[in-house]
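In the working numbering, the protein residues as written are 898 to 1152.
The following block contains the structure:
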């Protein structure tokens, strides 16, 4: 069944919700800047037993907040953002349940199997999440790296996912074109992920209400989990409350 997965997005040392497609070296269009730090949100998720959430560092200047979050809930959160073979193990030691990697796996825009093998040796398949965040083009959905600025030649389809899922524990897929817009999920992508994936996968992008949890559950036959960010009340949104998401998870867990 589809579960709600929480998130903590960090940008320039603060917890924020941004419009994903706007992120660049100059900054980003911001929906929300929190008065609370990452440790507060990690503690909140821990308190309510919300497993499998992700902490994402969007660019530099977030290390202190990352370590606070991971320390507040050892084993409860995944971490991504600048992860590579040299630092991955340190984030696991700091408390991450898994490390999430994207950009490191690409060299000059091409997927690097050598780099994937290198990071697998450091952390193991069972603690590795591949972030296959993407942008839609006339070729389909293409993996985007470097804070979603660089669109690679790697297309997300059944063949790609079937090959990659042999090398990781989960997928995390942000639909960057709708991320932060609260204008609805990419329904076609969610349905395809339900068809293509046989390992856990979390989709993020465009979710705006509790109805989207029901929709993802329906479209993916319960195979895809959903992250809700900007629409959530704890991030200044009015579409859905954290309490509603907690109740949804409790109901799904009991079914």
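Just so you know, even glycine gets a beta-carbon here, dropped at the ideal spot from N, CA and C.
The model shown is predicted, which means the values in this text are computed figures rather than measured ones.
**Asked** Can you name, in chain order, every residue of its own chain whose Cβ lies under 7 Å from the Cβ of residue 939, other than the five neighbours on each side?
**Response** Your numbering for residue 939 matches position 42 in the chain shown. If you ignore the 5 residues before and after residue 939, its C-beta comes within less than 7 Å of the C-beta of 905, 966, 969, 970 and 974, all in its own chain and listed in chain order.
**Request:** Please name the residue in 1102, 995 and 987 whose C-alpha comes closest to that of residue 1230.
**Result:** An answer regarding residue 1230 cannot be provided, because it is not within the stretch 898 to 1152 covered by the chain.
**Asked** Residues bridged to residue 951 by DSSP?
**Response** For the purposes of this step, residue 951 is taken as the residue at position 54 of the chain shown. Answer is 904 and 975.
**Segment limits, alpha helix (DSSP H) that includes residue 963** = As a position in the chain shown, residue 963 is number 66, starting the count at 1. 960-969 is the span of the alpha helix (DSSP H), which, as asked, contains residue 963.
**Message:** If I measure Cβ to Cβ from residue 1139 and keep anything under 7 Å in the same chain, skipping five residues before and after, which residues do I get?
**Reply:** On the chain shown, residue 1139 is found 242 positions in, with the first residue counted as 1. The beta carbon of residue 1139 sits closer than 7 Å to the beta carbons of 1129, 1130 and 1131 from its chain, once the five residues preceding and following it are set aside; these are given in chain order.
**Asked** How do the region 986-997 and the region 1038-1054 stand: do at least 3 beta-carbon pairs fall below 8 Å, yes or no?
**Response** Result no; under three Cβ-Cβ pairs closer than 8 Å.
**Item:** Limits of the alpha helix (DSSP H) - the one that residue 1115 falls within
**Value:** Here residue 1115 refers to the residue found at position 218 of the chain shown. It spans 1107-1116 - the alpha helix (DSSP H) in which residue 1115 sits, taken as one unbroken run.
**Request:** Could you have a look at residue 1018 and say whether DSSP puts it in helix, strand or coil?
**Result:** If you number the chain shown from 1, residue 1018 lands on position 121. Three-state DSSP puts residue 1018 in a helix.
**Message:** So, for residue 1145: in the same chain, excluding its five sequence neighbours on each side, which residues have a beta-carbon less than 7 Å away from its beta-carbon?
**Reply:** Translated into the one-based positions of the chain shown, residue 1145 becomes position 248. So the list reads 901, 1107 and 1110, once near-sequence residues are dropped.
**Message:** Give me the DSSP bridge partner(s) of residue 1100.
**Reply:** Looking up residue 1100 in the chain shown gives position 203. For residue 1100, the pairing in a beta bridge is given by DSSP as 1070 and 1123.
**Message:** Given this structure, state the Cα-to-Cα distance separating residue 1123 from residue 1150, to the nearest angstrom.
**Reply:** Your numbering for residue 1123 matches position 226 in the chain shown. Your numbering for residue 1150 matches position 253 in the chain shown. Each residue's alpha carbon lies about 15 Å from the other.
**Request:** Using the Cα positions of residue 1052 and residue 1040, report the straight-line distance between them to the nearest angstrom.
**Result:** By one-based count along the chain shown, residue 1052 stands at place 155. By one-based count along the chain shown, residue 1040 stands at place 143. Going from the Cα of residue 1052 to the Cα of residue 1040 covers about 6 Å.
**Request:** Give me the Cβ distance between residue 907 and residue 955, rounded to the nearest whole Å; I'm assuming they're in contact under 8 Å.
**Result:** Position 10 of the chain shown holds residue 907. Position 58 of the chain shown holds residue 955. Between residue 907 and residue 955, the beta carbon gap of about 6 Å places them in contact (Cβ cut-off 8 Å).
**Message:** Just to confirm, is the Cβ distance from residue 1081 to residue 1105 under 8 Å?
**Reply:** Translated into the one-based positions of the chain shown, residue 1081 becomes position 184. Translated into the one-based positions of the chain shown, residue 1105 becomes position 208. Contact flag set, yes.
**Request:** Could you check which residue in 1025, 1118, 1147 and 1088 has the C-alpha nearest to that of residue 988?
**Result:** On the chain shown, position 91 is the one that residue 988 refers to. With distances taken between Cα atoms, residue 988 lies closest to 1025.
**Message:** Please report the distance separating the alpha-carbon of residue 1020 from that of residue 1008.
**Reply:** For the purposes of this step, residue 1020 is taken as residue 123 along the chain shown, with counting starting at 1. For the purposes of this step, residue 1008 is taken as residue 111 along the chain shown, with counting starting at 1. Cα to Cα, residue 1020 sits roughly 19 Å from residue 1008.
**Request:** Just mark residue 1010 as buried or exposed, buried being the case when its beta carbon has 16 or more other beta carbons within 10 Å.
**Result:** The residue you call residue 1010 lines up with position 113 of the chain shown. It is exposed - the Cβ of residue 1010 has fewer than 16 other Cβ atoms within 10 Å.
**Request:** Provide the residue span of the alpha helix (DSSP H) that contains residue 1085, from first to last.
**Result:** The residue labelled residue 1085 in the question sits at position 188 within the chain shown. For residue 1085, the enclosing alpha helix (DSSP H) stretches over residues 1084-1093.
**Asked** Do you know offhand how far residue 1147's Cα is from residue 976's?
**Response** To locate residue 1147, count along the chain shown from 1; it is residue 250. To locate residue 976, count along the chain shown from 1; it is residue 79. In a straight line, the C-alpha of residue 1147 is about 24 Å away from that of residue 976.
**Request:** Report yes if the CB atom of residue 1054 is closer than 8 Å to the CB atom of residue 1072, and no otherwise.
**Result:** Within the chain shown, residue 1054 is the residue found at index 157, counting from 1. Within the chain shown, residue 1072 is the residue found at index 175, counting from 1. Going by C-beta atoms, residue 1054 is not nearer than 8 Å to residue 1072.
**Request:** Spell out the partners DSSP gives residue 1037 in its beta bridges.
**Result:** Walking along the chain shown from the start, residue 1037 turns up at place 140. Residue pairing from DSSP places residue 1037 in a beta bridge opposite 1034.
**Request:** Can you tell me which of the three DSSP states residue 999 falls into?
**Result:** On the chain shown, position 102 is the one that residue 999 refers to. Coil.
**Request:** Using the DSSP secondary-structure output, state which residues sit across from residue 1028 in a beta bridge.
**Result:** Numbered from 1 along the chain shown, position 131 holds the residue referred to as residue 1028. Note: residue 1028 sits in a beta bridge opposite 1069.
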